[in-house]
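One structure below.
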């Protein structure tokens with residue numbers, strides 16, 4: 001087992017728990033849909049968190065693939081993944097704990113918990129951005145990555161948009177910021193899909209004839 005495989009067995013497990021928490025929360029909402037007003041804010045927030053978790057899973061290949069086996073690297077990954085877990089666990093309400101006869105409004109849940117969810121997502125991204133900046137001072141390959149204007153423009157859009165969505169006192173502004181950061185995330189997904197199509201997809205893994 002390589003150092004990266006050992007690292008990713010730990011990091012991937014923790015991120016996987018975040019995905020499970022997010023999907024589980026959505027499933028609980030569907031199970032209790034008769035007493036829940038869904039709205040659109042919490043589902044969009046959940047989509048935003050899900051895409052960012054997937055992005056971090058992808059970034060692990062770029063950032064940590066060459067990392068040595070080291071306890072500090074594991075602690076950094078724990079901080080990132082644990083922060084995402086908190087965000088994912090709070091995105092949807094604990095429906096079963098709120099009383100079987102009580103109506104639940106997911107839009108109100110969004111306004112009650114947006115600071116924590118967006119703050120955790122922002123914190124995880126800032127941790128990784130800090131790691132990249134430090135590595136850029138130590139490694140020429142990371143230095144080339146850190147010189148990308150497009151990279152830091154994207155980081156600026158993400159940080160500003162997420163901060164506004166979390167802390168803006170005006171609801172219309174917060175809603176607009178949520179839409180902006182979600183569209184930015186979806187734009188990244190669309191770019192990945194376009195690259196995959198341009199590359200011709202991938203060949204089927206067919207075994208040799210017997």
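Residue numbers (my numbering): 1 to 210. Heads up, the beta-carbon is just placed ideally off N, CA and C, and yes, glycines get one too. A quick note: this is a predicted structure, and the numbers were derived from the prediction, not measured.
Measure how close the beta-carbons of residue i and residue j come, nearest whole angstrom, since I'm counting them as under 8 Å.
i	j	result
residue 45	residue 91	6 Å
residue 53	residue 15	6 Å
residue 37	residue 103	7 Å
residue 74	residue 7	7 Å
residue 115	residue 167	6 Å
residue 159	residue 135	About 19 Å separates the two Cβ atoms, so there is no contact after all.
residue 89	residue 21	5 Å
Could you tell me whether the Cβ atoms of residue i and residue j are closer together than 8 Å?
i	j	result
residue 142	residue 132	yes
residue 127	residue 173	no
residue 164	residue 184	no
residue 4	residue 94	no
residue 110	residue 162	no
residue 117	residue 181	no
residue 148	residue 85	no
residue 77	residue 10	yes
residue 106	residue 176	no
residue 120	residue 87	yes
Tell me where the alpha helix (DSSP H) around residue i begins and ends.
i	result
residue 30	3 to 31
Taking the DSSP output, what are the residues bridged to residue i?
i	result
residue 105	37
DSSP three-state call for residue i: helix, strand or coil?
i	result
residue 210	Interpretation of residue 210 is limited by its pLDDT of 48, a score under 50 that renders its predicted location unreliable; no figure is taken from the coordinates.
residue 123	helix
residue 161	helix
residue 171	helix
residue 93	coil
residue 69	coil
residue 201	coil
residue 139	coil
residue 112	helix
residue 64	coil
residue 148	coil
residue 195	helix
residue 154	helix
Consider the C-beta atom of residue i and the heavy atoms of the ligand MN; say whether any pair is separated by less than 7 Å.
i	result
residue 164	In the structure shown, the ligand MN is absent, as is every other ligand, since no ligand is present at all.
Does residue i get closer than 8 Å to chain D when you measure Cβ to Cβ?
i	result
residue 45	Judged by its chain identifiers, the structure shown contains no chain D, having just a single protein chain.
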